[in-house]
Structure formats: structure tokens, C-alpha cells
Amino acid sequence: MTLDSDLKASAPKRVMSGMRPTGRLHLGHYWGVLKNWESLQAQYDCFFMVADWHALTTRYDQTADLRAHTRDMLADWLAAGVDPARATVYVQSSVPEIAELSLILGMLTPLPWVQGDPTLKDMVKMLHEELNYGLLGYPVLQTADILAMRGDLVPVGKDQLAHLEISRDIARRFNHVYQRDYFPEPRPLLTQQPLMMGLDGAKMGKSAGNAILLSDDADETCRKIRTAITDPARQRRQDPGDPEQCQVVFKYYPLFAPPDAVEQTAAECRSAARGCVDCKKLLAEYLNETLRPIRERRRTLADDPGELDRLLRAGGEKARAVASDTLRGVREAVQLPTF
Ligand code: TRP
Ligand code: SF4
Numbered sequence: 012m013t014l015d016s017d018l019k020a021s022a023p024k025r026v027m028s029g030m031r032p033t034g035r036l037h038l039g040h041y042w043g044v045l046k047n048w049e050s051l052q053a054q055y056d057c058f059f060m061v062a063d064w065h066a067l068t069t070r071y072d073q074t075a076d077l078r079a080h081t082r083d084m085l086a087d088w089l090a091a092g093v094d095p096a097r098a099t100v101y102v103q104s105s106v107p108e109i110a111e112l113s114l115i116l117g118m119l120t121p122l123p124w125v126q127g128d129p130t131l132k133d134m135v136k137m138l139h140e141e142l143n144y145g146l147l148g149y150p151v152l153q154t155a156d157i158l159a160m161r162g163d164l165v166p167v168g169k170d171q172l173a174h175l176e177i178s179r180d181i182a183r184r185f186n187h188v189y190q191r192d193y194f195p196e197p198r199p200l201l202t203q204q205p206l207m208m209g210l211d212g213a214k215m216g217k218s219a220g221n222a223i224l225l226s227d228d229a230d231e232t233c234r235k236i237r238t239a240i241t242d243p244a245r246q247r248r249q250d251p252g253d254p255e256q257c258q259v260v261f262k263y264y265p266l267f268a269p270p271d272a273v274e275q276t277a278a279e280c281r282s283a284a285r286g287c288v289d290c291k292k293l294l295a296e297y298l299n300e301t302l303r304p305i306r307e308r309r310r311t312l313a314d315d316p317g318e319l320d321r322l323l324r325a326g327g328e329k330a331r332a333v334a335s336d337t338l339r340g341v342r343e344a345v346q347l348p349t350f
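With the sequence shown counted from 1, adding 11 to any position gets you this note's numbering.
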């Protein structure tokens, strides 16, 4: 084996993922996404992107809060353990090469591929207006995000698998049409965590009003936990409960409390030694204990928006250097003449 191929074989794989800047993140993001991103940094070369162009696909007329949303989201990422010294964090629109790549990839993407994308169909169903050209291009733009950084692995939730399948198809098609092994076919890294439910038992979502935010303080968290649903059959304090039927409170326990505390909770629920009010108070304490360091970090970060901006600029430069390099090869492969 030559030194070169040896180096190539041992270079860490690249991870690329992104989130639209929708503002402050909640515990569902923390458990489902951020903890995973945090642990991937140890093993891979990670690129985490704020997908502001993707936000425009449905909110092109609501751009006034993009800056605040971007800073809020970055503060949440970093507070949860994303480390800008190990991972590259950047904003999509600060890397114009992604747009150029998206345009070129669009040329070789058959319309039925995007029209058949079930994730996109779901987004279109929720629209109050006609489907825009830009939204139709959502999976192509996402492919450009990944391929511009030559990402090998893409940590995503199940809802993104359909997009990623298109990304793989486009990468393969590019390599085939231009007769070179240029893009790696990006593979999904599915998060093992099941979706975290909201306080009402439905999927946690900020707009659903059932979420605990990473930026909520301890009192706000206690107040929200008081609204969480329990075993609906347990009407009075002296009734024994069934933790298996306790739809939210007991389900949260193992996420924040040690195993013996979970067992004790189950036992005291069954014997009615513990009431739901106390059970929620205790849960809120565990939760606040777990989140305290994250919240402290977050407060420090949010107090210094200049530093957040600097981190995004530095990340943007790194991402741009990678993307420029990728695009040089793309133009060459496509044989766009330079003059
Ligand atoms: N579509 C993703 C979401 O809504 C966000 C995203 C944009 C993304 N570009 C990406 C995810 C690239 C992974 C890779 O969650
Ligand atoms: Fe749920 Fe706790 Fe009430 Fe039992 S005591 S029903 S586990 S909230």
C-alpha cells in the first residue's frame, strides 16, 4: 500500500448534518440529536450547519428573526456539548459554493425523484400556498450540503431518510455521468434514541406547547412538569398507580434519574406511598440537576453574541475552504470551461 492510500484509509470519516434555524431547542433535540453530535466529535471530522436557506424554503417572508434564531440555536448546540474546537459549525449561506453545487446537481436530478420524496410530500401538505420551486429543490439542496463537504456519514432522524436516499442516488448519478469516483455515497447514521414525547404525550415540539426548552430555567421547568400527564386511572392520592400506565412522568424518569430511583418510583407509585404531585416535584429536581451545567454554559454563551458570531465566521471559512475545493473538482468533472 502506498503512503497516500494508507493515509486516505486512516483519515477519519467526515460527518455532516444540519438543522434549520427555528430558534431555541428543546429536550427532544437534546436527547435525539445533540447528545449524538457530541459523541460523534470524538471519532469523526464533524461539520454541523445552520440551514438558513432551507428555512427560506417555507419561510421566505419571515426572515426578521433569522439572526436571533441562529444565535439561539448555536448557543444550544454548544451548551449541549458541540465543541467548535473539534467540530466545524457554520451557516449555510456563508458558503455560496453550496448553492452552486445545488444548481449543478439539480441538472441531473430527475423530477420524479424529488416528487416522490415522502418527507417533502409531508411538508407540502402543511403548506397554505402553492409549492414553490425552491421547496421542491429541498432534497437537492440538502444533497449539496452533504456533498460540498464530502460527508460520509449523516446523523439524522427517521424523517430524513427519504431525503438521504435521494442524496445517495444523486451522488451515484454524478459519479456515473462524469465517469469518476468523486463523491462518497453518504450513509445515514440513525439515532438510536426513540423520539422524546412532549408533556402531553404527543411528539415534543416547540409550537405544540408541550416542550421543555434547554433555555428554560429551573422554575419554568418545575411549572411545566406539573402539567405532564400521569396514570389517568389514578384519580385520588390514596389510589395505587401503575407506572406502566403513567404516560409521561414515569417515562421521563430513566432519562434523568439513576436506575435505583426509577425502581423506587415504580414501587412507591404502586403502593401509593408517593403521590403524583411529589413524584413530579422529584422528577423536576432530577431534570434540573441534569440540565444545570448545560444551562449555565448556555447563559454565558447567550450573553456574548459577538463570540457566537465569531465562531460562525471561523467555521464558515473552514467550510468554505472545503467547499471551494470540492467545487473545483466538480467544475472540472462537468467540464465547464473557464475563460
Ligand atoms: N432537513 C434537515 C432537517 O430538517 C436539515 C438539514 C439541512 C440537514 N441540510 C442538511 C440534515 C444536511 C442533514 C444534512 O432536519
Ligand atoms: Fe406517574 Fe409518579 Fe403518579 Fe405514579 S406517582 S402515576 S409514576 S406521576
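By construction, the Cβ of each residue, glycine as well, lies at the ideal position given by its N, Cα and C atoms.
Using only alpha-carbon positions, find the residue among the options that is nearest to residue i.
i	options	result
Met134	His174, Gln346 and Leu302	His174
Ala182	Arg198, Asp170, Leu172 and Val167	Arg198
Pro107	Gly92, Arg331, Leu323 and Lys132	Arg331
Glu216	Gly29, Ser28 and Arg35	Inspection of the sequence shows that residue 216 is occupied by Gly rather than by Glu. Looking at the Cα atoms, Arg35 is the closest of the given residues.
Gln153	Ser113, Gly168 and Phe185	Ser113
Val93	Phe59, Ala75, Met118 and Thr81	Phe59
So, using beta-carbon positions, are residue i and residue j closer together than 7 Å?
i	j	result
Ala334	Ala96	no
Thr202	Asn47	yes
Thr241	Val260	yes
Cys280	Pro243	no
Tyr189	Ala22	no
Gln256	Ala283	no
Gly43	Gln204	yes
Arg31	Ala62	yes
Ala155	Ile305	no
Lys235	Leu210	yes
Thr120	Val151	yes
Leu64	Gln103	As written in the sequence, residue 64 is Trp, which differs from the Leu given in the question. In this structure, Gln103 lies closer than 7 Å to Trp64 by Cβ.
Gly162	Met27	yes
Ile157	Trp124	no
Check whether the Cβ of residue i lies closer than 6 Å to any heavy atom of the ligand TRP, and answer yes or no.
i	result
Asp156	yes
Val345	no
Gln10	The structure shown does not extend to residue 10, since the chain is modelled only from 12 to 350, so the question has no answer here.
Val165	yes
His65	yes
Ala90	no
Ala330	no
Ser28	yes
Ala62	yes
Arg31	yes
Tell me whether residue i counts as near the ligand SF4, meaning its Cβ is closer than 6 Å to at least one heavy atom of that ligand.
i	result
Val333	no
Pro254	yes
Thr238	no
Phe261	yes
Cys280	yes
Asp230	no
Arg245	yes
Arg285	yes
Cys290	yes
Cys257	yes
Asp211	no
Asp242	yes
Kindly identify the DSSP beta-bridge partner or partners of residue i.
i	result
Tyr101	Met60
Gly29	Met60
Arg198	Leu164
Leu224	His37
Lys214	Met208
### Message
Below 8 Å, how does it come out for the stretch 296-307 and the stretch 324-331: are there three or more Cβ pairs, yes or no?
### Response
no
### Message
Would the stretch 37-47 count as touching the stretch 220-235 if we require 3 or more Cβ pairs under 8 Å?
### Response
yes
### Query
Would you call the stretch 80-90 and the stretch 306-324 touching, i.e. three or more CB-CB distances under 8 Å?
yes
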